[in-house]
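Asks: Shown below is the structure under consideration.
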Amino acid sequence: MPNYVGLSGSVILSAPDKFHLLFKKNVEHIEIGEFPSKESFDAFLKLLKTSDKSFGLHSPLFRNQSKYDLLEKVQYEPDQAWEQFEKEVEHMSRLGAEYILVHFPYFKGEKKIETNDMIESGLRKLQVLQEKYSIPIVCEPKLGQHMSTFGIESLDQFPVEVWDKYGINLCIDIGDYLLATKDRALDYMVKWKKYIKVVHLHNVEFQGDKYIWIPVHPSHESDGMHFNVEEIIKELASNTGIYFVFEHTPHSNPTEQFVDEGIKWVAEMIGGQH
484 MPNYVGLSGS VILSAPDKFH LLFKKNVEHI EIGEFPSKES FDAFLKLLKT
534 SDKSFGLHSP LFRNQSKYDL LEKVQYEPDQ AWEQFEKEVE HMSRLGAEYI
584 LVHFPYFKGE KKIETNDMIE SGLRKLQVLQ EKYSIPIVCE PKLGQHMSTF
634 GIESLDQFPV EVWDKYGINL CIDIGDYLLA TKDRALDYMV KWKKYIKVVH
684 LHNVEFQGDK YIWIPVHPSH ESDGMHFNVE EIIKELASNT GIYFVFEHTP
734 HSNPTEQFVD EGIKWVAEMI GGQH
């Protein structure tokens with residue numbers, strides 16, 4: 484089974500008038516979510532049917548729905564979040580999506596609580612949904628508010644052998660992990676390597692106290708200004724069947740050529756079908 488290069492809807496901020504740009508790129512896969520309306524999702528599916536690309540949903544399906552609430556209330560009560568997520572799992576299973584990805588474990592910030600039981604309880608529910616609807620569920624641990632590393636640290640402290648019991652896959656967001664763990668990022672990732680199904684690719688550009696996601700590109704490896712990602716990508720690509728998804732945003736206005744060079748570079752590193 485090969486590895487795959489994918490493109491995220493984040494590169495166009497899921498804007499319906501730009502859907503066609505996702506299908507123009509030399510990638511095998513599209514991961515997208517947060518559609519503005521049912522009509523826009525239908526329009527996307529129409530384009531997907533005429534393409535040779537696979538598709539994964541990055542929950543939530545529609546904008547302004549629950550995105551972070553499976554373990555604690557951020558915008559929605561966890562009960563509402565689980566209800567919404569089950570509907571999405573069922574819907575994606577019917578559509579034949581490759582997977583559905585959800586932010587988990589996610590915590591807003593530091594807590595004086597024991598997180599292992601909370602995470603295992605969530606895994607139990609995720610396993611039930613995965614088996615009930617026969618579609619892979621992929622969990623993406625995320626930075627919390629104000630760049631809180633609590634969620635990523637909570638996963639790191641969670642016993643691998645307990646995770647193993649539930650058959651749930653992981654997504655590693657390279658940008659989040661580099662911000663959270665700096666030069667220890669690869670150690671944090673390798674521990675979970677067996678479960679990684681999706682890798683979100685972007686580098687980081689700081690603008691004052693804010694930062695934006697920019698495309699990964701070989702020129703960053705030696706410019707002294709960006710994180711190095713080559714070693715991480717190669718290490719994670721030594722497994723097979725992984726979706727390496729370009730997940731930068733349009734804020735830095737990268738040129739088509741710059742993005743294409745990054746895609747080609749990654750495809751060569753991961754042994755993709757290019």
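Residue 726 in my numbering sits at position 243 of the sequence shown, and the numbers go up by one each step. We put the beta carbon where it would ideally sit given N, CA and C, even for glycine.
1. Suppose contacts are defined by Cβ-Cβ distances below 8 Å. Is Y487 in contact with H503 by that definition?
2. Quick one, are the C-beta atoms of G634 and Y589 less than 8 Å apart?
3. Note the first and the last residue of the continuous beta strand (DSSP E) segment covering V783.
4. Can you have a look at A498 and say buried or exposed, based on whether 16 or more other CB atoms are within 10 angstroms of its CB?
5. Quick one: is V510 buried, meaning 16 or more other Cβ sit within 10 Å of its Cβ, or exposed?
6. Look at the alpha carbon of F568 and the alpha carbon of P543, and state the distance between them as a whole number of angstroms.
7. Kindly indicate the opening and closing residues of the beta strand (DSSP E) around S576.
8. For K717, count neighbouring C-beta atoms within 10 Å of its own C-beta (all shown protein chains included) and say buried if the count is 16 or more, exposed if not.
9. Taking the CB atoms as reference points, tell me whether I679 and N722 lie closer together than 8 Å.
10. In angstroms, rounded to a whole number, what distance separates the CA positions of A720 and E644?
11. Can you name the residues that DSSP bridges to E688?
12. When you compare only the Cα positions, how much space is there between M672 and N686?
13. According to DSSP, is S549 helix, strand or coil?
14. Give the DSSP-derived three-state secondary structure of Y589 in the structure shown.
15. Taking three-plus beta-carbon pairs below 8 Å as touching, is the stretch 489-498 in contact with the stretch 514-521?
16. Tell me the rounded alpha-carbon separation between K677 and H586.
17. G658 and Q610 - do their beta-carbons sit closer together than 8 Å?
18. For E623, which three-state DSSP category applies?
19. Of all the options G605, W646, E739, K591, which has the alpha carbon lying nearest to the alpha carbon of Q628?
20. Ignoring anything shorter than 4 residues or poking outside the stretch 598-649, list the alpha helix (DSSP H) runs there in chain order.
21. Would a C-beta distance cut-off of 8 Å place I725 and V681 closer than the cut-off?
22. Secondary structure at E718, three-state DSSP: helix, strand or coil?
23. I'd like the list of long-range same chain contacts for F524, defined as Cβ closer than 6 Å, with 5 residues on each side in sequence excluded.
24. Could you tell me the alpha carbon to alpha carbon distance between F689 and I695, rounded to whole angstroms?
25. Under the assumption that S637 contacts T598 (Cβ atoms under 8 Å), give the Cβ distance between them as a whole number of angstroms.
26. For H703 and K615, what's the separation of their Cα atoms in angstroms?
27. Between the C-alpha atoms of L553 and Y559, what's the straight-line distance to the nearest angstrom?
Replies: Inspection of the coordinates gives the following:
1. Residue numbering aside, residue 487 sits at position 4 when the sequence shown is read from its first letter. Residue numbering aside, residue 503 sits at position 20 when the sequence shown is read from its first letter. The answer is no: Cβ separation not under 8 Å.
2. As a working mapping, residue 634 is identified with position 151 in the sequence shown. As a working mapping, residue 589 is identified with position 106 in the sequence shown. Yes, they are a contact pair.
3. This structure gives no information on residue 783, because the portion of the chain shown stretches from 484 to 757.
4. As a first step, residue 498 is located in the sequence shown; it is residue number 15 there, counting from the start. Looking at its Cβ environment, which holds fewer than 16 other Cβ atoms inside 10 Å, A498 is exposed.
5. As a position in the sequence shown, residue 510 is number 27, starting the count at 1. Burial call: buried.
6. In the sequence shown, counting from the first residue as 1, residue 568 sits at position 85. In the sequence shown, counting from the first residue as 1, residue 543 sits at position 60. Cα to Cα, F568 sits roughly 8 Å from P543.
7. Sequence index remark: in the sequence shown, residue 576 carries index 93 (1-based). Counting along the chain, S576 falls outside any beta strand (DSSP E), though it belongs to the alpha helix (DSSP H) covering 561-578.
8. Your numbering for residue 717 matches position 234 in the sequence shown. Classification of K717: exposed, given that the 10 Å Cβ count is below 16.
9. Along the sequence shown, one-based indexing puts residue 679 at 196. Along the sequence shown, one-based indexing puts residue 722 at 239. Result yes, Cβ atoms of I679 and N722 sit closer than 8 Å.
10. Along the sequence shown, read from residue 1 onward, the residue named residue 720 stands at position 237. Along the sequence shown, read from residue 1 onward, the residue named residue 644 stands at position 161. Their Cα atoms are separated by approximately 22 Å.
11. In the sequence shown, residue 688 corresponds to position 205, counting from 1. DSSP output for E688 lists I695 as bridge partner(s).
12. Position 189 of the sequence shown, counted from the first residue, corresponds to residue 672. Position 203 of the sequence shown, counted from the first residue, corresponds to residue 686. Answer to the nearest angstrom: the Cα atoms are 16 Å apart.
13. For the purposes of this step, residue 549 is identified with residue 66 of the sequence shown, where counting begins at 1. Note: S549 maps to coil in three-state DSSP.
14. Taking the sequence shown and counting its residues from 1, one reaches residue 589 at position 106. Here Y589 sits in coil by DSSP.
15. yes
16. Here residue 677 corresponds to residue number 194 of the sequence shown, with the count starting at 1. Here residue 586 corresponds to residue number 103 of the sequence shown, with the count starting at 1. About 19 Å.
17. Within the sequence shown, the letter at position 127 stands for residue 610. Within the sequence shown, the letter at position 175 stands for residue 658. Cβ distance not < 8 Å, so Q610 and G658 don't count as in contact.
18. In the sequence shown, the residue the question calls residue 623 occupies position 140. Strand, per DSSP.
19. If you number the sequence shown from 1, residue 628 lands on position 145. Looking at the Cα atoms, K591 is the closest of the given residues.
20. 599-616, 633-640, 643-647
21. Residue 725 sits at position 242 when you count from the first residue of the sequence shown. Residue 681 sits at position 198 when you count from the first residue of the sequence shown. Yes, Cβ-Cβ distance for I725 and V681 is below 8 Å.
22. Locating residue 718 in the sequence shown gives position 235, where the first residue counts as 1. Correct three-state label for E718: helix.
23. The residue labelled residue 524 in the question sits at position 41 within the sequence shown. Correct list, in chain order: F518.
24. The residue given as residue 689 occupies position 206 in the sequence shown. The residue given as residue 695 occupies position 212 in the sequence shown. Going from the Cα of F689 to the Cα of I695 covers about 7 Å.
25. Residue mapping note: residue 637 aligns to position 154 of the sequence shown, counting from 1. Residue mapping note: residue 598 aligns to position 115 of the sequence shown, counting from 1. That belief holds up - the Cβ atoms of S637 and T598 are roughly 4 Å apart, short of 8 Å.
26. For the purposes of this step, residue 703 is taken as residue 220 along the sequence shown, with counting starting at 1. For the purposes of this step, residue 615 is taken as residue 132 along the sequence shown, with counting starting at 1. For H703 and K615, the distance between alpha carbons rounds to 43 Å.
27. The count along the sequence shown starts at 1 and reaches residue 553 at position 70. The count along the sequence shown starts at 1 and reaches residue 559 at position 76. Cα to Cα, the separation comes out at about 9 Å.
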